[in-house]
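Engineer: Dropping the structure in here first, questions after.
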Amino acid sequence: MQPADGAAIRWIIPSNILSTLSKNTLYNYNNHKMKKTSIAVLSALLVLALNSCDSGGSFKRTRSGLMYKIISDQKNPVVKKGQFVRFDYVQTLGDSVLNNSENNGPAYVVIDSAVTPDYNPTEVFGLLRKGDSAVIVMEADTLRKKNPMGLPPFIKAKDKIFLKLRVVNVFNTQEEADKDRSAAMEAFMKKQEALADVQKQKDIKTLEEYTKSKGIAVQKAARGTLVEIINPGTGPAVDSGKFVTVNYTGQTLAGKVFDSSIDPKFGHPGQPYTFQIGRQGAGGAIAGWDDGLRLFKQGGKGRLYIPSTLGYGKQGAGEDIKPDENLIFDIEIVSVSDTRPAPPVPPSIPNNGNQN
Numbered sequence: 003m004q005p006a007d008g009a010a011i012r013w014i015i016p017s018n019i020l021s022t023l024s025k026n027t028l029y030n031y032n033n034h035k036m037k038k039t040s041i042a043v044l045s046a047l048l049v050l051a052l053n054s055c056d057s058g059g060s061f062k063r064t065r066s067g068l069m070y071k072i073i074s075d076q077k078n079p080v081v082k083k084g085q086f087v088r089f090d091y092v093q094t095l096g097d098s099v100l101n102n103s104e105n106n107g108p109a110y111v112v113i114d115s116a117v118t119p120d121y122n123p124t125e126v127f128g129l130l131r132k133g134d135s136a137v138i139v140m141e142a143d144t145l146r147k148k149n150p151m152g153l154p155p156f157i158k159a160k161d162k163i164f165l166k167l168r169v170v171n172v173f174n175t176q177e178e179a180d181k182d183r184s185a186a187m188e189a190f191m192k193k194q195e196a197l198a199d200v201q202k203q204k205d206i207k208t209l210e211e212y213t214k215s216k217g218i219a220v221q222k223a224a225r226g227t228l229v230e231i232i233n234p235g236t237g238p239a240v241d242s243g244k245f246v247t248v249n250y251t252g253q254t255l256a257g258k259v260f261d262s263s264i265d266p267k268f269g270h271p272g273q274p275y276t277f278q279i280g281r282q283g284a285g286g287a288i289a290g291w292d293d294g295l296r297l298f299k300q301g302g303k304g305r306l307y308i309p310s311t312l313g314y315g316k317q318g319a320g321e322d323i324k325p326d327e328n329l330i331f332d333i334e335i336v337s338v339s340d341t342r343p344a345p346p347v348p349p350s351i352p353n354n355g356n357q358n
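For the sequence shown, our numbering begins at 3 and goes up steadily by one.
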């Protein structure tokens, strides 16, 4: 896995099959390996509400056969078309959490009876009231029949996907919903930043103890990456806006190598990674690279000890990089330039002497 920014993959089940509780995602799925996370991380309020869903009452089915159960004190009116609903939610498959509001923030949907696809959670949303809790069960075999394009490979025959939710609030206008969403997301981001800072300090301590135990001299880059400089390089300096081409080998602290641009077994030998320093998203790299490589010049060699918060974070990546995994990268700065280098020219294919 090359160290691209945002390498964790988020699967999106087609919207005609399952409603996305937010625009961006329904499932978290990391390079074909589901991340297992304890449901206990949800807020106490949501846990209590969802646990109550499992006591009393029986499941019903919508007109398309979707199973659901609603727990309600019926004190509030049923939501109406055009209203906006805020949910806290958790979505699970077996003992794996696929998505939840604890990690992604609350979900907001508009009630629209005219747009309700078959076998879709939106069939149930219009039956809810403020304060209600619900469990919605999506059966994999039915999903597969209704989706000719197929489902992600981690969803097996006979599987059941559970969506447990609680209606936190109901809004009459989009303006009200947008105002609430802005406040909720601001609070959510502050909480995530605080948690990330705690994790980062823990990671840095672990890496400092690791390098000290092995007698490795390191420098700390601006954002916390520990850098072992073997050769600082003598060419142009790595700096914001520069395009940097890097040969690398990445491993965990346990010594598990997960990718390399020089080892043929990883499928891309002779293909160093090129990215622009300071760029986020596509065309960038994980934050630990952006941070640590700035201590080098062209021709430099060294090793980056990257806190998980500057790597793949709580998402992890693939089978080898677990959530909150600290990483080590051996790096060599192949080039530093003001413009993106041209891609390498593939070798010509022999034509057996035929000239056409």
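For glycine and all other residues, C-beta sits at the position ideal for the given N, C-alpha and C.
Keep in mind that this is a model prediction, so the values were computed, not measured.
In this structure, how does DSSP classify Gln2 when only helix, strand and coil are distinguished?
Structural biologist: Because the chain in this structure spans residues 3 to 358, residue 2 falls outside the shown range and cannot be described.
Engineer: Determine whether the beta carbon atoms of Gly286 and Phe277 lie at a separation below 7 Å.
Structural biologist: yes
Engineer: Does the segment 144–162 come into contact with the segment 70–85, if we say contact requires no fewer than three beta-carbon pairs (one atom in each stretch) closer than 8 Å?
Structural biologist: no
Engineer: Within the continuous beta strand (DSSP E) that includes Tyr250, where are the two ends?
Structural biologist: Element bounds for Tyr250: 245–254.
Engineer: Label Gln317 either buried or exposed according to how many other C-beta atoms from any shown protein chain fall within 10 Å of its C-beta, with 16 as the threshold for buried.
Structural biologist: buried
Engineer: In terms of residue numbering, what span does the alpha helix (DSSP H) encompassing Tyr110 cover?
Structural biologist: Tyr110 -> not in any alpha helix (DSSP H); beta strand (DSSP E) instead, spanning 109–112.
Engineer: Taking the alpha-carbon of Thr64 as reference, which of Ile138, Ala109, Gly252 has the nearest alpha-carbon?
Structural biologist: Ile138
Engineer: Since Ser263 and Gln273 are thought to touch, with beta carbons under 8 Å apart, how far apart are those beta carbons, to the nearest angstrom?
Structural biologist: 6 Å
Engineer: Taking the alpha-carbon of Lys77 as reference, which of Arg131, Leu255, Asp180, Leu197 has the nearest alpha-carbon?
Structural biologist: Arg131
Engineer: Let me know if Ile218 comes out buried or exposed under the rule of 16 or more other beta-carbons within 10 Å of its beta-carbon.
Structural biologist: exposed
Engineer: For the alpha helix (DSSP H) that Thr144 lies in, which residues bound it at each end?
Structural biologist: 142–148
Engineer: Can the beta-carbon of Ser2 be found closer than 7 Å to that of Asp326?
Structural biologist: This structure gives no information on residue 2, because the portion of the chain shown stretches from 3 to 358.
Engineer: Report the three-state DSSP secondary structure of Ser184 (helix, strand or coil).
Structural biologist: helix
Engineer: If you draw a straight line from the alpha carbon of Ala142 to that of Thr118, how long is it in whole angstroms?
Structural biologist: 19 Å
Engineer: Does Val200 come out as helix, strand or coil in the three-state DSSP assignment?
Structural biologist: helix
Engineer: Round the Cβ separation of Tyr314 and Thr227 to the nearest angstrom and send it over; I've been treating them as touching at under 8 Å.
Structural biologist: That pair is no contact at about 14 Å.
Engineer: Just mark Thr240 as buried or exposed, buried being the case when its beta carbon has 16 or more other beta carbons within 10 Å.
Structural biologist: Note on residue identity: the sequence assigns Val, not Thr, to residue 240. That one is buried.
Engineer: For Gly304, which option in Glu321, Pro271, Ala189, Asn249 has the closest C-alpha, if you only look at C-alpha atoms?
Structural biologist: Asn249
Engineer: On the DSSP bridge list, what partners appear for Arg131?
Structural biologist: Val80
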